[in-house]
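Residue numbers (our numbering): 82 to 549. Using N, Cα and C, we set each Cβ at its ideal position, and we do this for glycine too. Predicted model only: the values in this text are computed from it and were never measured. The block underneath contains the structure these notes are about, expressed in structure tokens.
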Ligand SMILES: [Fe+2]
């Protein structure tokens with residue numbers, strides 16, 4: 082019914098609190114249970130173990146008081162908390178269409194777990210999870226990737242996606258060195274040192290930053306695929322549900338089809354999605370999850386014709402309509418759209434977004450034409466949530482939406498009646514091109530636009546029409 086991000090209300094990226102306006106919208110629905118996505122006492126144990134002094138509440142009630150603040154005046158009839166990785170797993174499995182699946186969770190650190198493999202199935206309509214294997218702190222693929230993010234001068238726990246983008250510009254020539262220095266056992270994913278503390282500046286000092294990024298990506302992929310092999314070998318299911326912050330690595334995701342036949346990554350696999358997982362566990366059964374538009378609503382019908390006119394005339398246009406996306410990607414309801422053809426569009430959009438020139442944009446395409454333009458990855462049913470890259474078959478015709486390595490992060494839109502679907506259909510009729518460039522509508526340094534006031538602010542600041 083509703084799922085939103087606090088950051089979209091406070092305008093603070095990755096806001097760890099709960100904003101009153103978010104809670105206000107949430108409370109328009111009646112609730113009988115408040116579910117929290119980790120065990121507070123386990124989180125404190127992890128903090129103690131990793132040498133961090135800042136401890137939070139020890140009980141579920143304490144955590145709810147802390148995060149809900151004034152809203153915690155009327156305790157719910159039921160208050161529950163669930164283990165962090167189980168919350169990730171449930172957010173994935175219970176939103177999937179699978180009756181049975183192998184669930185892999187990989188993140189930086191959740192309580193003391195860093196990798197979990199579950200066997201999931203429904204018994205009498207309720208989801209059951211059997212833990213098949215786990216790895217624990219400090220051995221963590223996510224922490225390794227964050228340590229390398231910091232090593233190249235980016236912000237850990239924030240800029241990992243930039244490291245992934247950089248990786249295409251380097252060569253993985255330090256992978257073996259990196260592995261020898263850091264990895265103790267690549268099969269069970271153990272490391273020689275606690276990478277939570279990062280590596281010192283002299284680590285791989287002779288290598289270029291782009292090569293370090295490329296090597297970190299390569300090592301990360303090797304370790305992920307080892308986990309996938311292990312998960313497959315349990316023989317629990319040919320269906321994979323993959324969750325946790327590391328599941329956002331869309332480069333690594335392109336090869337998951339080598340290990341599993343059918344893959345589901347919920348559009349919000351990171352910690353924000355864990356909230357939905359906790360709710361799913363309290364609910365018990367499957368959740369019908371047909372799209373990612375679950376946040377703040379900007380009312381009115383999707384401005385198809387106005388957007389089309391702006392596209393034809395200005396080539397670039399913003400749209401803020403309907404309910405906000407749950408998850409990190411703009412999927413058409415809070416998007417900056419552009420004509421993907423031609424050579425100058427990438428620079429123009431980059432100028433508006435004021436971001437690093439090397440970062441590519443994503444195409445959004447009518448699903449039925451995806452195979453004509455892209456080699457879509459195996460295992461996924463289309464790519465409605467942009468979770469994997471695909472090789473572009475005509476990189477020269479669409480330079481704005483193809484990365485330097487020849488891949489694109491494609492969003493496919495099937496016949497689901499959404500606003501972006503109607504827009505693409507009309508755009509195709511008028512131009513013969515079934516795709517658009519799609520990037521998130523946000524003011525630099527801020528999270529995605531949420532409400533109409535944000536959209537107006539964007540329009541004023543950048544001089545680009547935003548239709549809502
Ligand atoms: Fe997590």
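Got a sec: does ligand 1 put a non-hydrogen atom nearer than 7 angstroms to the Cβ of residue i?
i: residue 169; result: yes
i: residue 165; result: yes
i: residue 352; result: yes
i: residue 535; result: no
i: residue 137; result: no
i: residue 191; result: yes
i: residue 326; result: yes
i: residue 265; result: no
i: residue 408; result: no
i: residue 355; result: yes
i: residue 188; result: yes
Let me check understanding here. Comparing Cα to Cα, which of the options lies closest to residue i?
i: residue 321; options: 286, 494, 461, 444; result: 461
i: residue 487; options: 442, 495, 524, 505; result: 442
i: residue 359; options: 298, 132, 99, 175; result: 175
i: residue 141; options: 116, 128, 152, 126; result: 116
i: residue 314; options: 422, 213, 440; result: 213
i: residue 470; options: 266, 479, 371, 459; result: 459
i: residue 189; options: 448, 437, 329, 542; result: 329
i: residue 236; options: 481, 94, 545; result: 94
i: residue 245; options: 290, 185, 215, 372; result: 290
i: residue 392; options: 127, 209, 264, 519; result: 519
i: residue 183; options: 92, 193, 310, 403; result: 310
i: residue 219; options: 484, 331, 323, 128; result: 128
i: residue 198; options: 124, 305, 159; result: 305
i: residue 272; options: 221, 394, 368, 210; result: 221
i: residue 159; options: 114, 447, 151; result: 114
i: residue 208; options: 539, 216, 177, 436; result: 177
i: residue 82; options: 529, 339, 435, 368; result: 368
i: residue 136; options: 293, 337, 120; result: 120
i: residue 210; options: 287, 238, 186, 269; result: 186
i: residue 281; options: 505, 268, 262, 180; result: 262
i: residue 238; options: 414, 429, 279; result: 279
i: residue 414; options: 508, 521, 542; result: 521
i: residue 508; options: 445, 452, 476; result: 445
Are the Cβ atoms of residue i and residue j separated by less than 8 angstroms?
i: residue 165; j: residue 351; result: no
i: residue 106; j: residue 377; result: yes
i: residue 385; j: residue 500; result: yes
i: residue 225; j: residue 108; result: no
i: residue 412; j: residue 398; result: no
i: residue 256; j: residue 227; result: no
i: residue 163; j: residue 362; result: yes
i: residue 223; j: residue 195; result: yes
i: residue 464; j: residue 492; result: yes
i: residue 295; j: residue 234; result: no
i: residue 401; j: residue 536; result: yes
i: residue 383; j: residue 346; result: no
i: residue 285; j: residue 259; result: yes
i: residue 545; j: residue 433; result: yes
i: residue 427; j: residue 478; result: no
i: residue 206; j: residue 148; result: no
i: residue 118; j: residue 87; result: no
i: residue 349; j: residue 468; result: no
i: residue 85; j: residue 103; result: yes
Give me the Cβ distance between residue i and residue j, rounded to the nearest whole Å; I'm assuming they're in contact under 8 angstroms.
i: residue 455; j: residue 416; result: Contact doesn't hold; Cβ gap of about 19 angstroms is too wide.
i: residue 89; j: residue 312; result: About 33 angstroms separates the two Cβ atoms, so there is no contact after all.
i: residue 170; j: residue 201; result: 7 angstroms
i: residue 297; j: residue 229; result: 4 angstroms
i: residue 466; j: residue 373; result: 6 angstroms
i: residue 308; j: residue 548; result: The Cβ separation is near 44 angstroms, so there is no contact.
i: residue 192; j: residue 124; result: 6 angstroms
i: residue 139; j: residue 122; result: 5 angstroms
i: residue 447; j: residue 494; result: 6 angstroms
i: residue 516; j: residue 421; result: 6 angstroms
i: residue 318; j: residue 181; result: 5 angstroms
i: residue 249; j: residue 483; result: Incorrect: roughly 11 angstroms between the Cβ atoms, too far for contact.
Using beta carbons (cut-off 8 angstroms, strictly below), is residue i in contact with chain B?
i: residue 249; result: Structure shown: chain B not included; a single protein chain is present.
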